[in-house]
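Chemist:
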Amino acid sequence: MDSKRRMIKKIVQQLGNRLIDAKEQANETVLHIDKKDLPEICQYLYQEQGARLFTMVGNDERQINTMFALYYVFVVDEIRHFMTIKIFVEENDPTFPSLAAHMPAFNWYEREVNDLLGLRAIGHPNRIPLIFHGDQMEAVYPLRKDYIETGMLHFENEALHFVEYTGADVTEIPVGPIHAGIIEPGHFRFGAVGDTVLHLDARLFYTHRGIEKELEGKTLEQAMFLIERICCVCNVSHAVAFAQAVETAANVTIPRRAAYIRTLYMELERLYNHVGDVGNICAGYGFAVGNSQGARMRELLLRLNEELTGHRYLRGVIALGGVRQDIRKDEIDRITNHLNELDTDFQDLADILLNHEIAVDRMETTGRLSLKQVTELEAVGVAARASGRDIDCRRDLPYAAYDQLNFAVIVQEEGDVLARIKVRILEVFNSILLIRQILQDLPEGDIVTDIPKIQPYKTSLGWTESARGENCHWLMVDQDNKIYRYRIRSAAYSNWPVVAVAVPGNIVPDFPLINKSFELCYSCCDR
Amino acid sequence: MNEEELGTDLKKRIKEVLSGSLHIRHVDTGSCNGCDFEMSTLSNPIYDISRFGVSFVPSPRQADMLMVTGGVTSNLEKALRITYEATPKPKMVLAIGACACGGGVFGETYANAGGIDPFVPVYVYVPGCPPRPQALIQGILLALDQYEEVLKRGE
Ligand code: SF4
Chain A
25 MDSKRRMIKK IVQQLGNRLI DAKEQANETV LHIDKKDLPE ICQYLYQEQG ARLFTMVGND
85 ERQINTMFAL YYVFVVDEIR HFMTIKIFVE ENDPTFPSLA AHMPAFNWYE REVNDLLGLR
145 AIGHPNRIPL IFHGDQMEAV YPLRKDYIET GMLHFENEAL HFVEYTGADV TEIPVGPIHA
205 GIIEPGHFRF GAVGDTVLHL DARLFYTHRG IEKELEGKTL EQAMFLIERI CCVCNVSHAV
265 AFAQAVETAA NVTIPRRAAY IRTLYMELER LYNHVGDVGN ICAGYGFAVG NSQGARMREL
325 LLRLNEELTG HRYLRGVIAL GGVRQDIRKD EIDRITNHLN ELDTDFQDLA DILLNHEIAV
385 DRMETTGRLS LKQVTELEAV GVAARASGRD IDCRRDLPYA AYDQLNFAVI VQEEGDVLAR
445 IKVRILEVFN SILLIRQILQ DLPEGDIVTD IPKIQPYKTS LGWTESARGE NCHWLMVDQD
505 NKIYRYRIRS AAYSNWPVVA VAVPGNIVPD FPLINKSFEL CYSCCDR
Chain B
157 MNEEELGTDL KKRIKEVLSG SLHIRHVDTG SCNGCDFEMS TLSNPIYDIS RFGVSFVPSP
217 RQADMLMVTG GVTSNLEKAL RITYEATPKP KMVLAIGACA CGGGVFGETY ANAGGIDPFV
277 PVYVYVPGCP PRPQALIQGI LLALDQYEEV LKRGE
């Protein structure tokens with residue numbers, strides 16, 4: 025028996041007679057337990073087995089089995105396997121035990137399940153609404169199957185749930201939701217003493233469009249258009265995560281050439297994001313050279329994307345079962361030449377930035393996050409790696425062609441703005457190397473394969489490492505092969521909570537810089 | 157047309173219609189950030205739209221024009237109204253992208269109205285998902301034409 029089997033067996037044994045039912049599928053073990061056993065079993069997985077939280081999904085399954093279901097998906101990186109804890113919640117007792125008090129990463133998930141499905145987490149330390157900001161949310165639960173669509177909900181008044189400061193020296197500074205620059209909406213409220221931030225409240229979900237509900241009842245092909253529009257600058261990674269969830273459920277392996285081309289597009293997406301973000305961080309302290317150079321190189325990459333695919337942000341390139349767009353020989357040369365130029369130009373920018381005393385001084389020790397903080401809050405991606413959390417699902421849970429390619433995972437220890445910019449800079453060079461390998465080894469063959477009908481009500485997972493970190497998608501289809509429930513947990517959803525932790529102790533003018541160093545999408549998070 | 161030709165036109169028209177400068181405020185009412193990013197590319201060194209007389213301003217009180225992205229979510233309806241009210245005339249409003257024009261792929265949901273025109277009067281609809289930077293400039297040019305008409309009519 026290999027180590028994976030041994031570990032799964034050990035966990036199952038530990039559950040003993042608390043286990044109601046166990047199911048194996050793809051790379052996932054679904055363990056059904058009673059909701060009263062939830063805290064103990066999750067703590068066991070989390071703390072003793074080193075599992076990390078991947079996503080948590082609430083689902084209205086009353087039409088299937090008369091109950092609501094909650095799925096707590098953990099991943100054990102060591103054995104590349106998912107352990108999912110499933111509980112049922114009855115309609116006449118729509119409550120479940122909260123885990124947020126001991127495991128803060130559950131905070132948002134539990135509140136979201138309350139807002140959208142009306143399932144209450146008993147013992148949650150802070151149950152204020154997450155998704156809706158209005159005051160009229162009496163028993164309106166859009167993700168329940170019997171919710172009657174009546175158009176957009178309007179709110180007369182805003183419900184204010186912010187920390188109130190009583191000290192005479194504390195100044196409250198509200199910012200947003202509409203910001204001074206051309207960026208997405210979010211509201212930040214600082215409690216500051218002098219110019220030092222004491223506490224930060226962030227209210228997000230302004231761009232909540234109800235995408236998960238809108239996906240329900242759509243065919244898989246229709247769904248792709250919505251998935252690509254969760255977020256523009258992460259659209260390839262979302263599309264691939266969705267395609268992988270579908271392919272896993274349908275038990276399909278995509279052609280090797282398609283896997284390579286997917287990887288190419290994903291790395292091109294990372295490249296323009298990271299290059300632009302490095303420039304953007306410079307804007308956080310008025311370093312115009314860095315800002316302009318980053319923006320220039322990013323624009324050139326967008327133009328390359330357009331030449332290759334017809335879309336500046338690579339929308340429409342991913343198909344279920346493969347890719348829609350092949351790569352020609354002359355395009356390979358075109359990319360190679362572009363990367364050669366970018367390589368030198370970006371190296372110049374990196375040299376200027378990292379050797380500029382004032383630039384480094386602004387970034388060093390600013391917005392620091394410890395390894396403990398990022399681990400407890402389950403941060404992912406650049407934010408996690410810059411604080412020493414060595415996770416990258418391209419390596420840990422390989423997909424597309426990543427297991428065929430050589431690359432290093434970049435980890436820094438300091439956890440400050442400088443560390444986050446360094447991770448990005450090094451990942452840019454990493455992406456360039458990856459793309460070179462892909463173009464060199466690109467196998468011949470088909471670029472797409474057919475997807476058979478999926479078994480109804482089977483669940484499956486898809487994931488990708490976007491420029492911001494791990495995205496995780498959860499899929500269940502109905503009898504007509506249409507979407508029954510879809511849950512999107514983006515990197516931004518995992519990472520926004522750490523921003524609020526990184527800011528206190530810094531000066532107010534450093535907030536834009538710290539915020540930019542995470543460079544999180546609001547739309548990815550809000551959906 | 158490429159951005160240089162469009163830019164030359166833009167500069168000329170801004171001079172004719174608004175005596176040389178156009179101040180634009182961006183309002184995101186629930187976009188996927190694609191339209192926002194294309195708007196911000198207008199400031200990169202390749203387009204550098206400021207050389208044609210355009211500046212993106214931090215407050216609606218300084219703005220001649222609102223460029224609105226996204227299809228208006230429940231949580232941003234109020235922000236859109238307040239921003240519109242705070243904008244001095246001529247209040248040229250551009251609906252940027254499929255979402256702002258008519259809901260895009262999302263349409264109307266429990267949290268999304270599916271377009272900005274029930275909330276604010278729109279000068280120009282700029283389609284695209286997202287519209288390319290050149291299309292954004294084209295949209296601004298069309299709005300200026302309309303505003304010129306408004307001035308002629310003495311409204
Ligand atoms: S029109 Fe397209 S790019 Fe613009 S906000 Fe809507 S989905 Fe995003």
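Chains as they are written, first to last, in the numbering used here: chain A, 25 to 551; chain B, 157 to 311. Each residue gets a CB set at the ideal place from its N, CA and C atoms; glycine is no exception.
Hey, would you say the C-beta of B/A254 is under 6 Å away from at least one heavy atom of ligand 1?
Modeler: Because some heavy atom of ligand 1 lies under 6 Å away, the Cβ of B/A254 counts as near it: yes.
Chemist: Which class does A/T220 belong to by DSSP, given the choice of helix, strand or coil?
Modeler: The answer is strand: DSSP assigns A/T220 an E or B state.
Chemist: Less than 7 Å separating the beta-carbons of A/G493 and A/A515?
Modeler: In contact: A/G493 and A/A515 (Cβ atoms closer than 7 Å).
Chemist: For B/L312, count the other beta carbons within 10 Å of its own beta carbon; 16 or more makes it buried, fewer makes it exposed. Which is it?
Modeler: Examination of residue 312 of chain B is not possible in this model, given that chain B is present from 157 through 311 alone.
Chemist: Please check if any C-beta of chain A sits within less than 7 Å of the C-beta of B/S241.
Modeler: Looking at the sequence itself, residue 241 of chain B is Glu, so the reference to Ser does not match. Answer no: the Cβ-Cβ gap between B/E241 and chain A never drops below 7 Å.
Chemist: How would you write the range of the beta strand (DSSP E) that A/C496 sits in, first residue to last?
Modeler: Start and end: 493-501.
Chemist: Give the list of continuous alpha helix (DSSP H) stretches no shorter than 4 residues that lie fully inside the segment 161-245 of chain A.
Modeler: You should have 235-239.
Chemist: For B/I202, return the contacting residues in chain A, with the cut-off set at a CB-CB distance below 7 Å.
Modeler: Near B/I202 (Cβ distances below 7 Å), the residues of chain A are R320, E323.
Chemist: According to DSSP, which residues form a beta bridge with A/R509?
Modeler: DSSP lists A/M500 as partners of A/R509.
Chemist: Nearest-angstrom Cα distance between A/D301 and A/L325?
Modeler: A/D301 and A/L325: Cα-Cα distance of roughly 13 Å.
Chemist: For A/R286, count neighbouring C-beta atoms within 10 Å of its own C-beta (all shown protein chains included) and say buried if the count is 16 or more, exposed if not.
Modeler: Classification of A/R286: buried, given that the 10 Å Cβ count is 16 or more.
Chemist: Determine the chain B residues that contact A/F249 at a beta-carbon separation under 8 Å, and present them in chain order.
Modeler: Those are V261, listed as they occur along chain B.
Chemist: Which complete alpha helix (DSSP H) runs does the segment 78-113 of chain A hold, if anything under 4 residues is left out?
Modeler: As far as the segment 78-113 of chain A is concerned, its whole alpha helix (DSSP H) runs of at least 4 residues are 86-89.
Chemist: Is there a Cβ of chain A sitting closer than 7 Å to that of B/E264, yes or no?
Modeler: Interface residue, yes.
Chemist: Hey, is A/C256 close to ligand 1, as in C-beta under 6 Å from one of its heavy atoms?
Modeler: Yes, Cβ of A/C256 sits closer than 6 Å to a heavy atom of ligand 1.
Chemist: Closer than 9 Å by beta-carbon distance: list the chain B residues that pair up with A/H232, in chain order.
Modeler: Those are G186, T229, S230, N231, A267, N268, listed as they occur along chain B.
Chemist: Which residue from A/I155, A/A163, A/E381, A/Q67 puts its Cα closest to that of A/P121?
Modeler: Among A/I155, A/A163, A/E381, A/Q67, the Cα nearest to that of A/P121 belongs to A/Q67.
Chemist: For A/I57, which residues in the same chain have their Cβ closer than 8 Å to its Cβ, ignoring the five residues on either side in sequence?
Modeler: Once the five neighbours on either side are set aside, the close Cβ partners of A/I57 are L39, R42, L43, I44, I65, I109, K110, I111.
Chemist: Put A/A383 into one of helix, strand or coil per three-state DSSP.
Modeler: Correct three-state label for A/A383: helix.
Chemist: Using only alpha-carbon positions, find the residue among A/S27, A/A343, A/D101 that is nearest to A/C417.
Modeler: It is A/D101.
Chemist: At a Cβ threshold of 7 Å, is B/M195 touching chain A?
Modeler: Cβ-Cβ to chain A under 7 Å: yes for B/M195.
Chemist: Tell me the DSSP bridge mates of A/H126?
Modeler: In the DSSP output, where bridge partners are listed per residue, A/H126 has none listed.
Chemist: Could you check which residue in A/R392, A/N315, A/L463 has the C-alpha nearest to that of B/T197?
Modeler: The option with the nearest alpha carbon to B/T197 is A/N315.
Chemist: Can you find a heavy atom of ligand 1 that lies under 6 Å from the Cβ of B/P286?
Modeler: True, at least one ligand heavy atom lies under 6 Å from that Cβ.
Chemist: Check whether the Cβ of B/G176 sits closer than 6 Å to any heavy atom of ligand 1, and report yes or no.
Modeler: Not under cutoff, so the answer is no.
Chemist: Residues of chain A with a CB under 7 Å from the CB of B/G190: which are they?
Modeler: The answer, in chain order, is C256, Y337.
Chemist: To the nearest whole angstrom, what separates the beta carbons of A/P118 and A/G147, a pair I think is in contact under 8 Å?
Modeler: A/P118 to A/G147, Cβ: 15 Å. No contact.
Chemist: For A/S484, would you say it is in contact with chain B, using Cβ-to-Cβ distances shorter than 7 Å as the test?
Modeler: No, its Cβ sits nowhere closer than 7 Å to a Cβ of chain B.
Chemist: Relative to ligand 2, is the shortest distance from any of its heavy atoms to the C-beta of B/S187 smaller than 6 Å?
Modeler: Absence of ligand 2 from the depicted structure is noted, with ligand 1 being the only ligands included.
Chemist: When you compare only the Cα positions, how much space is there between A/A343 and A/G158?
Modeler: Near 38 Å, if we compare the C-alpha coordinates of A/G158 and A/A343.
Chemist: Count the other CB atoms within 10 Å of the CB of A/K47; is the residue buried (16 or more) or exposed (fewer)?
Modeler: Burial call: exposed.
Chemist: What is the rounded straight-line gap between the Cα of B/E160 and the Cα of B/Y203?
Modeler: Between B/E160 and B/Y203, the C-alpha separation is close to 8 Å.
Chemist: Report yes or no: do the segment 462-482 of chain A and the segment 266-276 of chain A share at least 3 C-beta pairs separated by less than 8 Å?
Modeler: With a cut-off of 8 Å, the segment 266-276 of chain A and the segment 462-482 of chain A count as touching, because enough Cβ pairs lie within range.
Chemist: Drop a sphere of 10 angstroms on the beta-carbon of A/E291, count the other beta-carbons inside from all chains shown, and report buried for 16 or more, exposed for fewer.
Modeler: Classification of A/E291: buried, given that the 10 Å Cβ count is 16 or more.
Chemist: So, helix, strand or coil for A/H157, using DSSP?
Modeler: Three-state DSSP puts A/H157 in coil, outside helix and strand.
Chemist: Below 8 Å, how does it come out for the segment 457-464 of chain A and the segment 378-395 of chain A: are there three or more Cβ pairs, yes or no?
Modeler: No: fewer than three Cβ pairs fall under 8 Å.
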